[in-house]
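Chemist: Input: one structure, supplied below.
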Amino acid sequence: MSEEARELLDTEGESGRFEFKRDAAAVKATVLVAAANWVASDRAREMVTLLVGVDEVEDATTGLARGQIRGLPDLHQSIERIQNVVGDTLPTPVDVTFIEEGTKTDTPFLRLEIRPTYAPHFDSSGRRVTRNNASTRPLSDEEMLDIYLNRESIKFEERFSAIVDEVTQRVVALSAQLEEVADRIDHASSAAWEAASNADESRTLAERLDYDIQSVLEKVENPMPSNVRCFFELREKRQTVWRRYSYDVALRPTKATPKLTARLRAVLAEPIDPEIWAANRAETELWEEVLKERGDRGSMAQWSRAVRKREEFQLDMAPQLDDIIGQLTREAEDIRND
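This is the structure:
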């Protein structure tokens, strides 16, 4: 028997993280769904463990339940039965790891480790439930929303981490190339100064070469251009805006929400041109102001104003040219008249 199973058997009282089941027939789809949703509702939770083939025995003194091994007559048949039940969990089957315990004894049993795959999960009857200690209860609307947001944030973090790794690898490769170029530049600069040591005209040439070298180094010092940074900043900010809006819609919908959602989706889905970095930076600042005004939770009225502001958003890059000619002409006429 494993140390994990022994520890659970010695623990008094079932909890959200583990439960005893007398036989494979007690492992129903709702039990698996509740376990997976319980894990998905909190990113700090890793899994739920079921000990199948273990009786729940109540202590007469404390009233708490302990596990007493009963055993399963046929482990493989029990595994097959539970696997069929796993197939009844939707929208995709929950992740169940089967560990055989006590196989060298007369009372072998199963340890199941349950994790979500694509939460929130539900059974064939559409029931979305979660664990409440050793029992189950329906998921609340806020819990379902939190599970959706957790799932999407994990997907975003995975994609973003992959992008960061790729960019980091490119920057490292570029840095290695820059170091090689810098070594060659240092060598060329030293050679130029050495050749110019006895000639004023050559010294002037060497000074000019050294100045040009410093200019090149300043230009390549930052491997990521500002337009690329602005592109990624705006892309990430738009995703943040969409997640915050989705949360507010779920909690405070109105009759105007469908049209407002379509308008916001349209502006957030607009292609981002990396070359117009100034406009990208300005839009990022606009969304930062919107999120700051929203605070912890926003209303549909706030989002309506934000969408209208973005729809009317135009970056004014032209300088303000006052009518200086007319003003000077009038002043000149006044002087002549005086």
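The sequence shown: position 215 = 216 (our numbering), numbered continuously. C-beta atoms are modelled at their ideal positions from N, C-alpha and C, and glycine is treated no differently.
#1: Report, in whole angstroms, the separation of the C-beta atoms of F123 and V32, which I expect to be a contact under 8 Å.
#2: In whole angstroms, what is the alpha-carbon distance linking F21 and Q84?
#3: What ranges does the alpha helix (DSSP H) occupy inside the stretch 231–282, keeping only unbroken runs of at least 4 residues that lie completely in it?
#4: Assign F314 to buried or exposed, taking buried as 16 or more other Cβ atoms, counted over all protein chains shown, within 10 Å of its Cβ.
#5: Quick check on R331: buried or exposed, where buried means 16 or more other Cβ atoms within 10 Å of its Cβ?
#6: With a cut-off of 8 Å on the beta carbons, I'd call A25 and L73 a contact; round off their distance for me.
#7: Who pairs with G72 in a beta bridge, going by DSSP?
#8: Compute the Euclidean distance between the alpha carbons of I277 and I164, then round it to the nearest angstrom.
#9: Could you tell me the alpha carbon to alpha carbon distance between G299 and P94, rounded to whole angstroms?
#10: Helix, strand or coil for V28? Go by DSSP, reduced to three states.
#11: Suppose you measure from the CA of Y119 to the CA of T90; what does that come to, to the nearest Å?
#12: Which first and last residues belong to the alpha helix (DSSP H) in which K310 is found?
#13: Just curious, the alpha helix (DSSP H) that D11 is in, first and last residue?
#14: Return the first residue and the last residue of the beta strand (DSSP E) that V53 is part of.
#15: Hey, would you say V229 sits closer than 8 Å to P272, going by beta carbons?
#16: Less than 8 Å between the beta carbons of V55 and Q78, yes or no?
#17: For the beta strand (DSSP E) that N133 lies in, which residues bound it at each end?
#18: Name the residue from F232, R239 and Y248 whose alpha carbon lies nearest to the alpha carbon of A279.
#19: Could you check the C-alpha separation between L10 and E114 for me, to the nearest Å?
Modeler: Short version:
#1: Here residue 123 refers to the residue found at position 122 when the sequence shown is read from its first residue. Here residue 32 refers to the residue found at position 31 when the sequence shown is read from its first residue. The Cβ separation is near 13 Å, so there is no contact.
#2: Numbered from 1 along the sequence shown, position 20 holds the residue referred to as residue 21. Numbered from 1 along the sequence shown, position 83 holds the residue referred to as residue 84. Their backbone Cα atoms lie some 18 Å apart in a straight line.
#3: You should have 258–269.
#4: Counting from one through the sequence shown, the residue named residue 314 turns up at place 313. For F314, the number of other beta carbons within 10 angstroms of its own is below 16, and it is reported as exposed.
#5: Within the sequence shown, the letter at position 330 stands for residue 331. By the neighbour-count rule (16 or more Cβ atoms within 10 Å), R331 is not buried but exposed.
#6: Start at 1 with the first residue of the sequence shown, and residue 25 comes out as number 24. Start at 1 with the first residue of the sequence shown, and residue 73 comes out as number 72. Contact between A25 and L73 is confirmed by a C-beta separation of about 7 Å, below the 8 Å threshold.
#7: Residue numbering aside, residue 72 sits at position 71 when the sequence shown is read from its first letter. DSSP output for G72 lists no bridge partner at all.
#8: Here residue 277 refers to the residue found at position 276 of the sequence shown. Here residue 164 refers to the residue found at position 163 of the sequence shown. If you take the alpha carbons of I277 and I164, they lie about 22 Å apart.
#9: Start at 1 with the first residue of the sequence shown, and residue 299 comes out as number 298. Start at 1 with the first residue of the sequence shown, and residue 94 comes out as number 93. Cα to Cα, the separation comes out at about 35 Å.
#10: Translated into the one-based positions of the sequence shown, residue 28 becomes position 27. DSSP places V28 in the coil class of the three-state scheme, outside both helix and strand.
#11: Reading the sequence shown from its first residue, position 118 is the one you call residue 119. Reading the sequence shown from its first residue, position 89 is the one you call residue 90. Each residue's Cα considered, the two are about 11 Å apart.
#12: Residue 310 sits at position 309 when you count from the first residue of the sequence shown. Counting along the chain, the alpha helix (DSSP H) containing K310 begins and ends at M301 to E312.
#13: Start at 1 with the first residue of the sequence shown, and residue 11 comes out as number 10. Counting along the chain, the alpha helix (DSSP H) containing D11 begins and ends at E4 to D11.
#14: If you number the sequence shown from 1, residue 53 lands on position 52. For V53, the uninterrupted beta strand (DSSP E) run begins and ends at V49 to V53, by DSSP.
#15: Residue 229 sits at position 228 when you count from the first residue of the sequence shown. Residue 272 sits at position 271 when you count from the first residue of the sequence shown. No, the Cβ-Cβ distance between V229 and P272 is not below 8 Å.
#16: Residue mapping note: residue 55 aligns to position 54 of the sequence shown, counting from 1. Residue mapping note: residue 78 aligns to position 77 of the sequence shown, counting from 1. Judged by their CB atoms, V55 and Q78 are not nearer to each other than the 8 Å cut-off.
#17: What you label residue 133 is simply residue 132 of the sequence shown in a count that begins at 1. Looking at the DSSP string, the run of the beta strand (DSSP E) that includes N133 is V130 to N133.
#18: Within the sequence shown, residue 279 is the residue found at index 278, counting from 1. The shortest C-alpha to C-alpha distance from A279 to any of F232, R239 and Y248 is the one to F232.
#19: The residue given as residue 10 occupies position 9 in the sequence shown. The residue given as residue 114 occupies position 113 in the sequence shown. L10 and E114 have their C-alpha atoms some 15 Å from each other.
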